[in-house]
Ligand SMILES: [Zn+2]
């Protein structure tokens, strides 16, 4: 009996302390499905993506960018995403998932679970899961754009380009955006 109680307590602790099992919430934009764990994380995510949605969207006008903070965030992210498609000259119907982790440790735990080895990556994209992995503790608009570029490049061609080629294209995108960020 005692063993059974201990077993249940152990299960309880595991379920409620494993961040991967914590409740994920979803925030959807035209192109992105963002999974995050707390409002504070979504707010931090918003703060790190320093990019101006100034009505340069291809698909919606300045007027349709709402004043609600979530609408503003969605507009900013979608304009950024469209910018990446424009820079690559690859416009395709696409939605990409983003897992936003609270800490660098959580991000590295996620890496370990997927690859079964330690990785030091700040962010990455996995084609098979159609998912970008980032943490709010280490993120820039350029980094997000880089990973979005990987998603677009991998989906654009019938045959996915070699990693090195995809990397050159993705770097071209964030270099281009960083130049604009200097002006921002
Ligand atoms: Zn890359």
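Numbering (this note's numbering), first residue to last: 1029 to 1212.
Just so it is clear, CB atoms sit at the ideal spot from N, CA and C, and this is done for glycine as well.
Cβ atoms of residue j and residue i: under 9 angstroms apart, would you say?
i: residue 1080; j: residue 1104; result: yes
i: residue 1180; j: residue 1125; result: no
i: residue 1128; j: residue 1073; result: yes
i: residue 1182; j: residue 1155; result: yes
i: residue 1213; j: residue 1172; result: This structure does not reach residue 1213, given that the chain is present from 1029 up to 1212, and the question cannot be answered.
i: residue 1111; j: residue 1166; result: no
i: residue 1135; j: residue 1163; result: yes
i: residue 1071; j: residue 1102; result: no
i: residue 1178; j: residue 1157; result: no
How many angstroms separate the CA atom of residue i from the CA atom of residue j?
i: residue 1159; j: residue 1196; result: 20 angstroms
i: residue 1199; j: residue 1138; result: 24 angstroms
i: residue 1206; j: residue 1032; result: 57 angstroms
i: residue 1060; j: residue 1030; result: 48 angstroms
i: residue 1123; j: residue 1109; result: 10 angstroms
i: residue 1065; j: residue 1116; result: 32 angstroms
i: residue 1077; j: residue 1187; result: 31 angstroms
i: residue 1142; j: residue 1054; result: 21 angstroms
i: residue 1148; j: residue 1119; result: 31 angstroms
i: residue 1190; j: residue 1146; result: 24 angstroms
i: residue 1098; j: residue 1184; result: 29 angstroms
i: residue 1121; j: residue 1068; result: 30 angstroms
Does at least one heavy atom of ligand 1 sit under 8 angstroms from the Cβ of residue i?
i: residue 1150; result: no
i: residue 1198; result: yes
i: residue 1192; result: no
i: residue 1174; result: yes
i: residue 1110; result: no
i: residue 1204; result: no
i: residue 1099; result: no
i: residue 1056; result: no
i: residue 1067; result: no
i: residue 1195; result: yes
What three-state label does DSSP hand residue i in the structure shown?
i: residue 1150; result: coil
i: residue 1113; result: helix
i: residue 1183; result: helix
i: residue 1060; result: strand
i: residue 1127; result: strand
i: residue 1119; result: coil
i: residue 1066; result: coil
i: residue 1200; result: helix
i: residue 1077; result: coil
i: residue 1156; result: coil
i: residue 1107; result: helix
i: residue 1096; result: coil
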